[in-house]
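Visitor: Residue numbers (this note's numbering): 1495 to 1911. Yeah, the Cβ is synthetic: ideal placement off N, Cα and C, and Gly gets one too. Owing to the predicted nature of the structure, the values given are computational and were not obtained by experimental measurement. Let me give you the structure first, and then I'll get to my questions.
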Ligand SMILES: Cc1cc2nc3c(=O)[nH]c(=O)nc-3n(C[C@H](O)[C@H](O)[C@H](O)COP(=O)(O)O)c2cc1C
């Protein structure tokens, strides 16, 4: 009864007209059926977040809200019963397997870097049904990042601006915490990716040593490593996307990778490069080719942009004026275009990971069609909540069924010729 009346209120107040159909269907059912529907239906879970979670967030500083959500997820995933509840509520119920780098991903959708920099809620991400999680950016040294406030929400544009500046516990502490995690819980059931950043105090010409040290310390705990030379919030970091900087970092990281593999009698791990969207198509192709020729196993497209959309909504202007990188909806088209550009220039033998503005299955499908084998999101989770994974994966599954294709792999790059 209570749930029915809550849902009725949502409906009466609802401006989310697109979701009325499913809510109406629900209030006609018994409370037991309603409860089942709430847990099973990603749309109603999303409406719940939009109507209860998001308004609460509006009253909180963005970074504090983020910290609280992360702590809540960590707490909720700390015992088997609440983990089961998370799984029941959020885990997709369809399978869309994707093979990459010797792993089978349960579906193509994972968590982007920056959300869980210090790997605090690994069990929670797994329980909510993501197919992989990228921790970090981790830097060799622990650092506090830029002064606060440094993270801002633009609700109308569904965008974030951040200038965090690689605040993280540093490679040593994170190594110890991953070691503890594995001792207590075993290895995570989904691949863990590690985003490698550069410590602010390390000069650019020693950047390779900074990335290499973090890689060495975290090698045993990560399944894939991403060299991030594209954060706009560490001074001059993006200069490392040029030939000399990138080549030197890649060669050094590949050497560390081989050493670790030989030492631990294992295979070298995939090393990818993550690049910025603020460049021309030719520059992007040049960087991608340099990365590929120098041993990178794939590319992540893309990091946040320093550009701002023209004529923002008045409510968003003060956020757009903030210095930092923008993510979310305004980045969507550009990151998809980057995926298409790289796919057309390099072909299908070099994996592309698509990230930027994914907020529903359509956004995800477009990135796969453009050439992305796996996808990630950050901002989408802030605006849509944890049910985003289910929405995206169930939506992709429907699209696949109504297409002439049998697997996601067949869709990758379909519109890129
Ligand atoms: C607050 C915040 C912190 C981020 N930190 C990192 C980071 O440490 N390393 C990185 O490669 N990307 C970082 N990103 C970028 C995201 O991983 C992603 O590339 C970008 O947000 C675009 O995806 P989205 O539109 O789904 O948010 C960060 C993004 C945000 C919003």
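1) Need the endpoints of the alpha helix (DSSP H) that residue 1619 sits in, please.
2) Could you check where the alpha helix (DSSP H) with residue 1826 kicks off and where it finishes?
3) May I ask whether a heavy atom of ligand 1 can be found less than 7 angstroms away from the beta carbon of residue 1798?
4) According to DSSP, is residue 1802 part of a helix, a strand, or is it coil?
5) Quick one: complete beta strand (DSSP E) runs, 3+ long, within the region 1561 to 1609?
6) So, under 8 angstroms CB-CB, residue 1685 and residue 1718 are touching, yes? Tell me the CB distance rounded to an integer number of Å.
7) On the criterion of 16 or more Cβ atoms from any shown chain inside 10 Å, does residue 1561 qualify as buried, or is it exposed?
8) Rank 1826, 1911 and 1863 by C-alpha distance to the C-alpha of residue 1654 and give the top, closest one.
9) Do residue 1646 and residue 1556 have their C-beta atoms closer together than 8 angstroms?
10) Quick one: what's got a C-beta closer than 6 angstroms to residue 1726's C-beta in the same chain, skipping five residues either side?
11) Which of the three DSSP states is assigned to residue 1787 in this structure?
12) Leaving out five residues on either side along the sequence, give the residues of the same chain with a beta carbon under 7 angstroms from the beta carbon of residue 1614.
13) According to DSSP, which residues form a beta bridge with residue 1628?
14) Cutting at 8 angstroms between CB atoms, please list the residues of its own chain near residue 1810, excluding the five before and the five after it.
15) Taking 8 angstroms as the cut-off, does the region 1868 to 1878 touch the region 1846 to 1860 (at least 3 CB pairs, one atom from each stretch)?
16) So for residue 1647, helix, strand or coil by DSSP?
17) For the alpha helix (DSSP H) that residue 1768 lies in, which residues bound it at each end?
18) With H, G and I counted as helix, E and B as strand and the rest as coil, what does DSSP make of residue 1792?
19) How close, in whole Å, do the beta carbons of residue 1688 and residue 1632 come, if the pair is a contact with beta carbons under 8 angstroms?
20) Using only the alpha-carbon positions, how far apart do residue 1790 and residue 1840 sit?
21) Measure the beta-carbon distance from residue 1739 to residue 1764 and round it to whole angstroms, keeping in mind my assumption that it falls under 8 angstroms.
22) Residue 1807: buried (16+ other C-beta within 10 angstroms of its C-beta) or exposed?
23) Quick test of the definition: if touching needs 3 or more C-beta pairs under 8 angstroms, does the region 1621 to 1636 touch the region 1778 to 1788?
24) Look at the alpha carbon of residue 1797 and the alpha carbon of residue 1656, and state the distance between them as a whole number of angstroms.
25) Tell me, which residues are paired with residue 1870 by DSSP?
26) Let me know the secondary structure DSSP gives residue 1662 once reduced to three states.
27) Quick check on this structure: which residue in 1909, 1907, 1902 and 1584 has the alpha carbon closest to the alpha carbon of residue 1592?
28) Flag this pair as yes or no: are the beta carbons of residue 1573 and residue 1612 separated by less than 8 angstroms?
29) Mapping DSSP to helix, strand and coil, what is residue 1637?
30) Determine the direct distance from the alpha carbon of residue 1566 to that of residue 1580, and round the result to whole angstroms.
31) Does the Cβ of residue 1517 have 16 or more other Cβ atoms within 10 Å, making it buried, or fewer, making it exposed?
32) Would you say residue 1781 touches ligand 1, meaning its beta carbon is less than 7 angstroms from a heavy atom?
33) Shortest alpha-carbon distance to residue 1769 belongs to which of 1780, 1897 and 1861?
34) Could you have a look at residue 1758 and say whether DSSP puts it in helix, strand or coil?
Guide: Working from what's here:
1) Here the alpha helix (DSSP H) through residue 1619 covers 1616 to 1621.
2) Unbroken alpha helix (DSSP H) run through residue 1826: 1823 to 1840.
3) Inclusion of residue 1798 in the 7 angstroms shell around ligand 1 follows from its C-beta lying nearer than that to a non-hydrogen atom of the ligand.
4) Here residue 1802 carries a coil assignment [DSSP, helix/strand/coil].
5) Qualifying beta strand (DSSP E) stretches, in chain order: 1592 to 1594, 1597 to 1599 and 1603 to 1605.
6) Your pair residue 1685 and residue 1718 checks out as a contact, with CB atoms roughly 6 angstroms apart and the cut at 8 angstroms.
7) Result: exposed.
8) Ranking 1826, 1911 and 1863 by Cα distance to residue 1654 puts 1826 first.
9) Their beta carbons are under 8 angstroms apart, which means residue 1646 touches residue 1556 by this criterion.
10) Cβ neighbours of residue 1726 within its own chain (closer than 6 angstroms, five residues either side excluded): 1800 and 1819.
11) Taken through DSSP and simplified to helix, strand or coil, residue 1787 comes out as helix.
12) Cβ neighbours of residue 1614 beyond the five flanking positions: 1564 and 1568.
13) Answer is 1687, bridged to residue 1628.
14) Around residue 1810: 1648, 1649, 1650, 1651 and 1653.
15) Verdict: yes, contact present.
16) Looking at residue 1647 - three-state DSSP - the assignment turns out to be strand.
17) For residue 1768, there is no enclosing alpha helix (DSSP H); the enclosing beta strand (DSSP E) has its first and last residue at 1765 to 1769.
18) Here residue 1792 sits in strand by DSSP.
19) About 6 angstroms separates the two Cβ atoms, so the contact holds.
20) Cα atoms of residue 1790 and residue 1840: separation of roughly 13 angstroms, rounded to the nearest angstrom.
21) The Cβ separation is near 21 angstroms, so there is no contact.
22) Around the beta-carbon of residue 1807, fewer than 16 other beta-carbon atoms lie within 10 Å, marking it exposed.
23) The region 1621 to 1636 is not in contact with the region 1778 to 1788.
24) Their Cα atoms are separated by approximately 12 angstroms.
25) The partner list for residue 1870 (beta bridge, DSSP) reads 1604 and 1849.
26) If DSSP states are grouped into helix, strand and coil, residue 1662 belongs with the strands.
27) Residue 1592 has its Cα closest to that of 1902, out of 1909, 1907, 1902 and 1584.
28) Not closer than 8 angstroms, so no.
29) Strand.
30) Going from the Cα of residue 1580 to the Cα of residue 1566 covers about 12 angstroms.
31) Summary for residue 1517: the model assigns pLDDT 49, below 50, so the residue's position carries little reliability, and this model does not support an answer.
32) No, since every heavy atom of ligand 1 falls outside the 7 angstroms radius drawn around the Cβ of residue 1781.
33) Selected option, being the one with the closest Cα: 1780.
34) Of the three classes helix, strand and coil, the one that applies to residue 1758 here is coil, per DSSP.
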